[in-house]
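A short worksheet on the structure shown next.
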Amino acid sequence: MDLIADRGRRVTVEELNTSRLLAHARKQAVQRKLDDMMIVDVDAHHYENEHFGDILPFMENEVFKQLSQSTRTSTRSRGTFTPQTIGYQDMGGRVTRYPMRGGEKTEDKGHMRDVELGHRWMDAMSVDYSCLFPTGMLSIGLHPQTEMEVELCWAYNRWLTEKVLPESGRFFTMLTLPFSDPDACLRQVEAFGDRKGVGGFMVTTVRNNLAVNDNRYMKVYRAIEERGLVLSFHSGPNWGEPIFKSCNRFLVAHALGFAWYNIVNLSNWVINGMGERFPKLPVIWIESGLAWVPFLMQKLDHEYMLRPSEAPLLKKKPSDYMRDMYYSSQPMEIQDMGALECTFRMMNAETQLMYSSDYPHWDFDLPSTISDLPFLSEKAKHNILGGTAARLFKLPPRNEKQKENLKKFGNLTAVA
Amino acid sequence: MAEKFVAKATEMQDGDRRIVFVGDNEIGVFRHGGQYYAYSNFCLHQGGPACEGLTIARVEEKLRPDKTSMGLSFSETDMNFVCPWHGMEYDMKTGECISDRKMKLKKFQVVQKGDEVYVVA
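Chains as they are written, first to last, in this note's numbering: chain A, 22 to 437; chain F, 3 to 123.
This is how it looks when you write it as structure tokens:
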């Protein structure tokens, strides 16, 4: 396939085949015997916008359904029915799987295509299970219509749990919550919480109006906690956010945006004592990397020491509550090994960090980013790459060697 | 050091590339500006196929004497090749990583014998 380079010059690149593209990942997996370790990827993606033809019929409200279907099929329409964010994730075609994705051959062109593609990269990386998240829907919190947010989340969650997950057996998910409407959130937890492959629920933090401590959400958190499920907060970039309008390069809006949204919401979560209110609710902060964690621990502890009157529910320091929660690893800042080691120590990575790839997005991480770290014990590597997630999401091992390793490091669950 | 056949010179035009396998080694051979360049195909970032992606002119930002920016432009002279996994860019002529020149892909010698191009590995 020809890609456009500088000044319209065409460069021929081999057709995309995910297994072929990731052949070096497979080599790494074999060299490191990663198939013997259970590897769980707690944050991977698919492009649900390519399946809206199948998803939209699950919308309940006939008027919103007709609006969406009409917009999707109207070739001359200016508008879209989902929020669009400006950005250059493909780096001008430098990350070739973006422009070439549509051409990758699969047996099935429907929902099974995503399962096929997913299994290709999971096999290459030696990933046993992946938590599947949407891509474009991560911006659903920017939709001006609460009703449309609710309808689209409902339709996506039904399609994912009824069509995609049953075909895989290796994908699970934390379903997208329509967070602008707490009652609708509760209804979706009640409707989908017990479905196979649902490990929890996800709040996309790319929002301008989010107060995670709002009283209206307590019933939602309680419902998730009661079911033994996980609550996660997934970040993202939003160049349209007023503070980022001063940034003339996507690099800056991207680097800061992911950290920013999770920093704001985690701060509100901790300072309002949510850890005291829902002590049995596992919470994961996803896709912000790790470098912000030591910063925020120090910052919040410093302020709390002087202003405890503003956080009367807390019984320990904010950093202690942060250490009670979980974090996904990607995109792991690995430029300064000493700083990274300090970060791992401060967050109790051995028990609180979980590997994530973010594949197929541009800044994905391979399992070797964890397995090659020189300062980690074997137990820590096994826990981070999959053991902790196996316990949290009750995932069984896929071979005897994995079972031995899970048992050895205390991660074998009753279900296994 | 053995010589591994890459291609017939007449079959490799400017802008073309070949990937050759020498044991466990993978080597990317580029033809650019009438010259051949050969580098290890393992990206120094996370091990991706460094030589199999886009080739693209380096992006520059020139400043006027008063330090104001003239904006972004493509270089007239410098070409990069890009690892398709994450977009890590390398200097076509040296194999140096653009964002950290201390990082450098292993370079291999290319020899032409008549119409045949070989890489020495």
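Ideal placement from N, C-alpha and C gives every residue a C-beta, glycine not left out.
Using a C-beta to C-beta distance shorter than 7 Å, which residues of chain F count as neighbours of residue i?
{"i": "glycine 114(A)", "result": "Leu56"}
{"i": "threonine 117(A)", "result": "Gly55, Leu56, Pro86"}
Find the residues of chain F that neighbour residue i, judging by a C-beta separation of less than 9 Å, and give them in chain order.
{"i": "histidine 45(A)", "result": "Glu28, Asn43, Phe44, Cys45, Gln48, Gly49, Gly50, Pro51, Trp87"}
{"i": "glutamate 36(A)", "result": "Going along chain F, no residue has its Cβ under 9 Å from glutamate 36(A), so there is no contact; the nearest lies around 12 Å."}
{"i": "arginine 344(A)", "result": "The premise fails here: arginine 344(A) is roughly 28 Å from chain F at the closest Cβ pair, so nothing lies under 9 Å."}
{"i": "leucine 42(A)", "result": "Gly50, Pro51, Glu54, Pro86, Trp87"}
May I have the straight-line CA-CA distance separating residue i from residue j, to the nearest angstrom?
{"i": "leucine 321(A)", "j": "tyrosine 282(A)", "result": "16 Å"}
{"i": "alanine 46(A)", "j": "valine 63(A)", "result": "18 Å"}
{"i": "aspartate 341(A)", "j": "glycine 431(A)", "result": "23 Å"}
{"i": "glutamate 362(A)", "j": "aspartate 386(A)", "result": "18 Å"}
{"i": "threonine 167(A)", "j": "aspartate 202(A)", "result": "7 Å"}
{"i": "leucine 250(A)", "j": "phenylalanine 79(A)", "result": "24 Å"}
{"i": "aspartate 357(A)", "j": "glutamate 308(A)", "result": "19 Å"}
{"i": "leucine 427(A)", "j": "arginine 30(A)", "result": "52 Å"}
{"i": "isoleucine 60(A)", "j": "alanine 4(F)", "result": "40 Å"}
{"i": "asparagine 286(A)", "j": "alanine 280(A)", "result": "10 Å"}
{"i": "arginine 419(A)", "j": "aspartate 149(A)", "result": "7 Å"}
{"i": "lysine 48(A)", "j": "leucine 394(A)", "result": "18 Å"}
{"i": "glutamate 324(A)", "j": "alanine 312(A)", "result": "20 Å"}
{"i": "glutamate 69(A)", "j": "valine 119(F)", "result": "46 Å"}
{"i": "glutamate 170(A)", "j": "cysteine 53(F)", "result": "43 Å"}
{"i": "alanine 65(A)", "j": "proline 199(A)", "result": "20 Å"}
{"i": "methionine 94(F)", "j": "histidine 132(A)", "result": "41 Å"}
{"i": "phenylalanine 7(F)", "j": "cysteine 99(F)", "result": "27 Å"}
{"i": "phenylalanine 222(A)", "j": "proline 155(A)", "result": "13 Å"}
{"i": "lysine 26(F)", "j": "arginine 99(A)", "result": "Checking the sequence, you will find aspartate at residue 26(F) rather than lysine. Taking the straight line from one Cα to the other gives about 52 Å."}
{"i": "phenylalanine 102(A)", "j": "aspartate 68(F)", "result": "46 Å"}
{"i": "isoleucine 405(A)", "j": "valine 219(A)", "result": "21 Å"}
{"i": "aspartate 42(A)", "j": "glutamate 297(A)", "result": "Note that residue 42(A) corresponds to leucine in the displayed sequence, not to aspartate. Approximately 46 Å, taken between the alpha carbons."}
{"i": "lysine 400(A)", "j": "alanine 370(A)", "result": "11 Å"}
{"i": "aspartate 384(A)", "j": "glutamine 48(F)", "result": "11 Å"}
{"i": "alanine 232(A)", "j": "isoleucine 25(A)", "result": "43 Å"}
In the DSSP assignment, find the unbroken alpha helix (DSSP H) run with residue i in it and report its ends.
{"i": "arginine 366(A)", "result": "358-367"}
{"i": "threonine 472(A)", "result": "Past the boundaries of the shown model lies residue 472(A); chain A is included only from 22 to 437, so the question cannot be answered."}
{"i": "arginine 118(A)", "result": "118-121"}
{"i": "tryptophan 281(A)", "result": "271-292"}
{"i": "leucine 24(A)", "result": "No alpha helix (DSSP H) holds leucine 24(A); the beta strand (DSSP E) holding it covers 23-25."}
{"i": "glutamine 90(A)", "result": "83-94"}
{"i": "glutamate 421(A)", "result": "421-429"}
{"i": "aspartate 144(A)", "result": "132-146"}
Please check if any C-beta of chain D sits within less than 9 Å of the C-beta of residue i.
{"i": "serine 389(A)", "result": "Of the protein chains in this structure, namely A and F, none is chain D."}
Quick one: which chain F residues come within Cβ less than 8 Å of residue i?
{"i": "glutamine 49(A)", "result": "Gly49"}
{"i": "tryptophan 383(A)", "result": "His88, Gly89"}
Along the beta strand (DSSP E) that carries residue i, what are the first and last residues, could you check?
{"i": "tyrosine 41(F)", "result": "37-42"}
{"i": "cysteine 152(A)", "result": "150-154"}
{"i": "proline 66(A)", "result": "Note that residue 66(A) is histidine in the sequence shown here, rather than proline. Taken as a continuous stretch (DSSP letters only), the beta strand (DSSP E) holding histidine 66(A) covers 61-66."}
{"i": "valine 304(A)", "result": "304-307"}
{"i": "asparagine 27(F)", "result": "27-34"}
{"i": "tyrosine 347(A)", "result": "347-349"}
{"i": "isoleucine 391(A)", "result": "Here isoleucine 391(A) belongs to no beta strand (DSSP E); instead the alpha helix (DSSP H) covers 389-392."}
{"i": "arginine 19(F)", "result": "19-24"}
{"i": "histidine 255(A)", "result": "251-255"}
{"i": "threonine 226(A)", "result": "Run containing threonine 226(A): none; DSSP gives neither H nor E here."}
{"i": "phenylalanine 110(F)", "result": "109-115"}
{"i": "aspartate 204(A)", "result": "It is not in any beta strand (DSSP E) - aspartate 204(A) instead sits in the alpha helix (DSSP H) that spans 203-213."}
How would you list, in chain order, the residues of chain A whose beta-carbon sits under 8 Å from the beta-carbon of residue i?
{"i": "proline 122(F)", "result": "At residue 122(F) the sequence reads valine, which differs from the proline that was named. Those within 8 Å of valine 122(F) in chain A number zero; the least Cβ separation is about 23 Å."}
{"i": "glycine 97(F)", "result": "Near glycine 97(F) there are no residues of chain A at all, since even the closest Cβ is about 17 Å away, more than 8 Å."}
Which residues in chain A have a C-beta closer than 9 Å to the C-beta of residue i? List them in chain order.
{"i": "glycine 35(F)", "result": "Ordered by position in chain A, no residue passes the 9 Å Cβ test against glycine 35(F), which lies about 13 Å from the chain."}
{"i": "alanine 59(F)", "result": "Ala26, Asp27, Arg28, Arg30"}
{"i": "glycine 25(F)", "result": "Under the 9 Å cutoff, chain A gives no residues; its nearest Cβ is about 13 Å from glycine 25(F)."}
Is it the case that the segment 372-379 of chain A contacts the segment 337-347 of chain A, given that we only count it when at least three CB pairs across the two stretches are under 8 Å? yes
Would you check if there are 3 or more beta carbon pairs closer than 8 Å linking the segment 95-115 of chain F to the segment 139-146 of chain A? no
Are the segment 117-137 of chain A and the segment 28-39 of chain A in contact at 8 Å, needing three or more beta carbon pairs? yes
Output needed in chain order: residues of the segment 64-81 of chain F with a Cβ under 7 Å from some Cβ in chain A. Phe76
Under 8 Å, with one C-beta from each stretch per pair, do the segment 72-92 of chain A and the segment 386-399 of chain A reach the 3-pair mark? no
Quick one: any contact between the segment 254-265 of chain A and the segment 218-226 of chain A, if contact means 3 or more CB pairs under 8 Å? yes
Take every Cβ of the segment 204-220 of chain A, pair it with every Cβ of the segment 266-277 of chain A, and state whether three or more of those distances are shorter than 8 Å. no
Does the count of Cβ pairs from the segment 52-64 of chain F and the segment 23-37 of chain F closer than 8 Å reach three? yes
Tell me, please, whether the segment 114-121 of chain A touches the segment 153-165 of chain A by the rule of three or more beta-carbon pairs shorter than 8 Å. no
If contact is defined by three or more beta carbon pairs under 8 Å, each pair taking one atom from either stretch, is the segment 171-190 of chain A in contact with the segment 109-117 of chain A? no
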